[in-house]
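Asker: Per this note's numbering, the sequence shown starts with residue 162, numbered consecutively.
Take this structure first; my questions come after.
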Amino acid sequence: MARTEVMAGLVVALALIPEAISFSILAGVDPRVGLFASFTMAVVIAFTGGRPAMISAATGAVALVIAPLARDHGLEYLLAAVVLGGVFQVLLAVSGFARLMRFIPRSVMVGFVNALAILIFTAQLPQLIDVPWLVYPMVAAGLVIIFVLPRVTNAIPAPLVSIVVLTGLTVIAGFTVPTVGGEGDLPDSLPFLALPDIPVTLETLSIIAPYALGVALVGLMESLMTAKLVDDITDTHSDKTRESWGQGVANIVTGFFGGMGGCAMIGQTMINVKSGARTRLSTFLAGVFLLILVVALGDVVAIIPMAALVAVMIFVSIATFDWHSLRTIHRMPRSETTVMLSTVAVTLLTHNLAIGVGVGVLVACVLFARRIAHLVEVTSTTDAAGTKVYSVHGALFFASSNDLYTQFDYADDPDHVVIDLSNAQVWDASTVAALDAITHKYELRGKTATVVGLSDHSADRYERHSGRLEGSH
């Protein structure tokens, strides 16, 4: 079993190197910043995480969130935002954020994943504009290797083979193309502990806080989604709250050690789990092997052509996109499609995954409320004593109860009216206010309206609020 964990950790480390470098470039920082982040995230989460065998490292989602901060204010502000993002994650974990994940609809999750894939792809375009013509056939060749090799063997990660082949070709043939070494410094030593060199002021906080919150939310969403996926594959349960604060601790440590932050990685986690890994050892070793490889092989990594990494990132974007959502879009309810497309559209417009998810959840809530509001039905009968009985069916809340008063015939009804809520539920104060308005309209005409049939839950809410809501009359 230990051998399986060691081999899985080595394979993941090899696969992490190109992605960590690519995500660094995506964030606009030196490759060592992403490599350090992948090392510290993996090692720390191996101890603090709630889902054994899950891989956390530098990710595209976090890179996209912090890229504008790195561009406008520099690396030190980015590191401070990562530390603050970790603090936010710990606070969110303590406040029960993991339990709130069940309120994020699947259509929002699909929109999140698709928007992430599109952003990763579009971020590669600068590497394909105004470059030597050799870059284009090299990217194409890299993609062919990445997609074809797994059909022959899975012994070695296809992205790694693609990078080795294209690097060898570049060196042997003497191609003059952009390389990793031209993108910034690579690690030549172990990461060291240091405080971000920024002024400790409210202005600094106002600059980094929005990005820190984005890192926290996007990181937790992707990590908890990945944890749920591993739970399903392995038929085991994980501690989502521990995973949430564990991610926070890992990001705090990463920020102080000069890393760009990160979260769980769906792709690398799948490699690890499908290699047979089931414990924290594989996660820990993935980080350790990664650092050993890049420090020892820094000179080799520097000559990797950028075309090879662009091919890897295009592959990541294709693999990340939920193609099934496009194939089934015509069969999905219109509301679900609207939620997914609004999540994607807002994310692409703002380049902020957290805002996209927030808008997606808001649209989902509005459409759900609108759909439920139409399920309320009011029927009326007159009993033997001449009393008019209105029977209300459905869930009564702000969206469905606002027009409730229009369902009653105040002028022509007899002197006594019964409103039967046996088949309805009172969910909020808006409904109590609507019922008060109805009974008050009858009172103005010298008639009485009695509300009956309330369940214990509904009766408790009705008795607490009835007659106390200003403006209900």
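By construction, the Cβ of each residue, glycine as well, lies at the ideal position given by its N, Cα and C atoms.
The structure presented is a predicted model; accordingly, all values stated were derived computationally and were not measured.
Candidates ASP597, ILE182, ALA174 and VAL172: which alpha carbon is nearest THR609's?
Answerer: Locating residue 609 in the sequence shown gives position 448, counting from the first residue. Per the Cα distances, ASP597.
Asker: Which of helix, strand or coil does DSSP assign to ALA610?
Answerer: Against the sequence shown, residue 610 aligns to sequence position 449. Reduced to three states, the DSSP call for ALA610 is strand.
Asker: What are the boundary residues of the beta strand (DSSP E) that ASP349 is part of?
Answerer: Sequence index remark: in the sequence shown, residue 349 carries index 188 (1-based). ASP349 -> no beta strand (DSSP E), and no H or E assigned at all.
Asker: When DSSP builds the beta bridges, which residues end up paired with SER436?
Answerer: Looking up residue 436 in the sequence shown gives position 275. Paired residue(s): none; SER436 is not in a bridge.
Asker: Per DSSP, what are the beta-bridge partners of ASN584 in this structure?
Answerer: Reading the sequence shown from its first residue, position 423 is the one you call residue 584. HIS554.
Asker: Take VAL613 and list the residues in its own chain whose beta-carbon comes closer than 8 Å to its own, dropping the five residues that flank it on each side.
Answerer: Translated into the one-based positions of the sequence shown, residue 613 becomes position 452. Around VAL613: VAL579, ILE580, ASP581, LEU582 and SER583.
Asker: Closer than 8 Å by C-beta to VAL456: which residues in its own chain qualify, once you throw out the five before and the five after it? Chain order, please.
Answerer: The count along the sequence shown starts at 1 and reaches residue 456 at position 295. Hits under 8 Å: PRO348, ASP349, SER350 and LEU351.
Asker: Do ASP191 and GLU344 have their C-beta atoms closer together than 9 Å?
Answerer: Within the sequence shown, the letter at position 30 stands for residue 191. Within the sequence shown, the letter at position 183 stands for residue 344. Closer than 9 Å, so yes.
Asker: Taking the continuous alpha helix (DSSP H) assigned at GLU180, which residues delimit it?
Answerer: In the sequence shown, counting from the first residue as 1, residue 180 sits at position 19. GLU180 -> alpha helix (DSSP H) spans 163-188.
Asker: At a cut of 8 Å, does the segment 256-268 reach the segment 430-443 through at least three beta carbon pairs?
Answerer: Counting Cβ pairs under 8 Å, fewer than three are found: no touch.
Asker: Could you check what DSSP says for THR540 in three-state terms: helix, strand or coil?
Answerer: Taking the first residue of the sequence shown as 1, we reach residue 540 at position 379. Note: THR540 maps to strand in three-state DSSP.
Asker: To the nearest angstrom, how far is it from the Cα of LEU374 to the Cα of LEU605?
Answerer: Translated into the one-based positions of the sequence shown, residue 374 becomes position 213. Translated into the one-based positions of the sequence shown, residue 605 becomes position 444. Cα to Cα, the separation comes out at about 53 Å.
Asker: When you compare each of THR611, ALA254, PHE336 and VAL414 to VAL550 by their alpha carbons, which one comes out closest?
Answerer: Locating residue 550 in the sequence shown gives position 389, where the first residue counts as 1. Among THR611, ALA254, PHE336 and VAL414, the Cα nearest to that of VAL550 belongs to THR611.
Asker: Applying the criterion that 16 or more other CB atoms from any shown protein chain within 10 Å of the CB defines a buried residue, is ILE216 buried or exposed?
Answerer: Along the sequence shown, one-based indexing puts residue 216 at 55. Buried, by the Cβ-count rule.
Asker: In whole angstroms, give me the CA-to-CA distance for ARG260 and VAL522.
Answerer: To locate residue 260, count along the sequence shown from 1; it is residue 99. To locate residue 522, count along the sequence shown from 1; it is residue 361. Distance between the alpha carbons of ARG260 and VAL522: 15 Å.
Asker: What did DSSP end up calling ALA425 once you bin it into helix, strand or coil?
Answerer: Here residue 425 refers to the residue found at position 264 of the sequence shown. ALA425 falls in the strand class under three-state DSSP.
Asker: Does DSSP put HIS485 in a helix, in a strand, or in coil?
Answerer: In the sequence shown, counting from the first residue as 1, residue 485 sits at position 324. Helix.
Asker: Start and end of the alpha helix (DSSP H) containing ASN275?
Answerer: As a first step, residue 275 must be located in the sequence shown, where it is residue number 114. From DSSP, the alpha helix (DSSP H) with ASN275 extends over 267-283.
Asker: How is the alpha helix (DSSP H) around ARG212 delimited, first residue to last?
Answerer: The count along the sequence shown starts at 1 and reaches residue 212 at position 51. First-last for ARG212: undefined, no H or E at that position.
Asker: By Cβ distance below 6 Å, which residues in the same chain neighbour PHE336 in space, the five residues on each side in sequence not counted?
Answerer: The residue labelled residue 336 in the question sits at position 175 within the sequence shown. For PHE336, where only same-chain residues beyond five positions count, the Cβ hits under 6 Å are LEU295.
Asker: Once the 5 residues before and after GLY628 are set aside, which same chain residues still bring their CB inside 8 Å of it?
Answerer: Your numbering for residue 628 matches position 467 in the sequence shown. These residues qualify, in order along the chain: ASP597.
Asker: Take the Cβ of VAL593 as the centre, count every other Cβ of all protein chains shown within 10 Å, and call the residue buried at 16 or more, exposed below.
Answerer: For the purposes of this step, residue 593 is taken as residue 432 along the sequence shown, with counting starting at 1. With 16 or more Cβ atoms within 10 Å of its Cβ, VAL593 is classed as buried.
Asker: Could you tell me if TYR297 is buried or exposed, where buried requires 16 or more neighbouring beta carbons within 10 angstroms of its beta carbon?
Answerer: As a working note, residue 297 is residue 136 in the sequence shown. TYR297 comes out exposed.
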